[in-house]
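Structure first, commentary second.
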Amino acid sequence: MKSLLLGAAAALALSTSAHAAILLSLDSVTPVGSEFRYDYSGSITPELGVATGDQLVIVDFAGYVDGSVSTTLPNVTASISNTLPAGLILSSGVTDDAAIPDLVFTYTGADLRTSGGPFPPDLTFTTLSALSTIGTSVNGSFSTRAVQNNGANQGDAIAIAGNVQVPDASLASAVPEPSTWAMLLTGFLGLGLLLRRRKSSPALTLA
22 MKSLLLGAAA ALALSTSAHA AILLSLDSVT PVGSEFRYDY SGSITPELGV
72 ATGDQLVIVD FAGYVDGSVS TTLPNVTASI SNTLPAGLIL SSGVTDDAAI
122 PDLVFTYTGA DLRTSGGPFP PDLTFTTLSA LSTIGTSVNG SFSTRAVQNN
172 GANQGDAIAI AGNVQVPDAS LASAVPEPST WAMLLTGFLG LGLLLRRRKS
222 SPALTLA
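With the working numbering, the residue at position 63 of the sequence shown is 84, and numbering never jumps.
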């Protein structure tokens with residue numbers, strides 16, 4: 022299925038075509054033990070295609086769980102980065118916090134729909150996902166690149182940026198790190214042993 026060949030996802034395209042867009046949405050936030058799986062899907066309009074090496078970045082995915090970013094899309098790899106890859110842009114007023122990982126999905130297949138368009142209908146894609154320690158989402162950002170496949174600008178790379186729901190970074194400090202939990206538990210254990218020892222000590226009596 023051609024829809025599974027896409028390696029980019031985003032919101033409205035900043036392009037010469039008012040109708041050219043890549044759309045991205047957060048489908049669900051599902052509890053997985055003490056963590057939460059964020060699943061994304063989207064579509065690309067007929068005026069756009071993707072070239073080998075094009076990337077989609079979900080910016081500042083707070084609470085990211087190491088090794089959890091994934092996709093089942095053929096010809097797409099999933100990784101993380103703390104800086105925006107070259108050639109991508111951010112929406113006005115948006116910054117990329119280097120302390121918070123970005124989810125990076127890279128298209129590695131042959132160029133797809135990059136000339137001779139438009140190619141209706143829209144192509145859809147799913148299974149872009151990652152785990153977070155945070156279960157509450159807020160408005161965040163994405164960045165990606167596509168290729169105009171028709172008209173005078175056929176073959177031109179188009180920078181795309183927009184909004185998408187991401188884990189709420191303001192809650193990250195409220196989620197203790199594993200080392201913090203270990204310190205707290207050790208402290209409580211020590212306090213419990215001290216109190217128990219005091220209770221079990223024989224009372225001092227005077228003759």
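Here a beta-carbon is modelled for each residue, glycine too, at the ideal position from N, C-alpha and C.
Beta strand (DSSP E) segment containing residue i, residue limits
i	result
Gln-169	158-169
Thr-127	123-128
Thr-145	144-153
Ala-83	Premise fails: Ala-83 is in no beta strand (DSSP E) and is neither H nor E.
Ala-99	97-102
C-alpha gap between residue i and residue j, whole angstroms
i	j	result
Ala-41	Tyr-61	20 angstroms
Ser-112	Gly-161	10 angstroms
Thr-4	Ala-180	Any property of residue 4 remains undetermined from this structure, which presents the chain solely from 22 to 228.
Asn-103	Asn-184	18 angstroms
Asn-170	Leu-94	22 angstroms
Thr-145	Leu-192	32 angstroms
Gly-172	Ala-131	22 angstroms
Thr-157	Gln-175	41 angstroms
Pro-67	Val-78	21 angstroms
Val-196	Tyr-85	Since pLDDT at Val-196 reaches only 49, below the 50 mark, its modelled position is unreliable, and no value is offered.
Asn-96	Ala-167	16 angstroms
Thr-165	Leu-133	15 angstroms
Ile-65	Phe-140	10 angstroms
Ser-124	Ala-107	The amino acid occupying residue 124 in the given sequence is Leu; Ser does not appear at that position. Computed Cα separation, rounded: 15 angstroms.
Ala-190	Ala-83	5 angstroms
Pro-188	Tyr-128	24 angstroms
Bridge partner(s) assigned by DSSP for residue i
i	result
Gly-70	Val-168
Pro-52	Phe-57
Gly-183	Phe-163
Ile-110	Paired residues: none, contrary to the question.
Gln-76	Thr-127
Ala-6	Residue 6 lies beyond the range of the chain shown here (22 to 228); nothing can be said about it.
Reduced DSSP secondary structure (H/G/I, E/B, other) of residue i
i	result
Ser-24	Confidence is the limiting factor: at Ser-24 the pLDDT is only 34, short of 50, which leaves the residue's position unreliable, though a coordinate-based value still follows. Note: Ser-24 maps to helix in three-state DSSP.
Ala-131	coil
Leu-44	strand
Leu-192	helix
Gly-63	strand
Ser-89	coil
Query raised in the report: Counting pairs of beta carbons, one from the region 145-152 and one from the region 86-95, are three or more of them closer than 8 angstroms?
Result: Touching, yes, given that three or more Cβ pairs across the two stretches are closer than 8 angstroms.
Requested in this report: Would you check if there are 3 or more beta carbon pairs closer than 8 angstroms linking the region 58-75 to the region 114-121?
Outcome: Contact fails: fewer than three Cβ-Cβ distances are below 8 angstroms.
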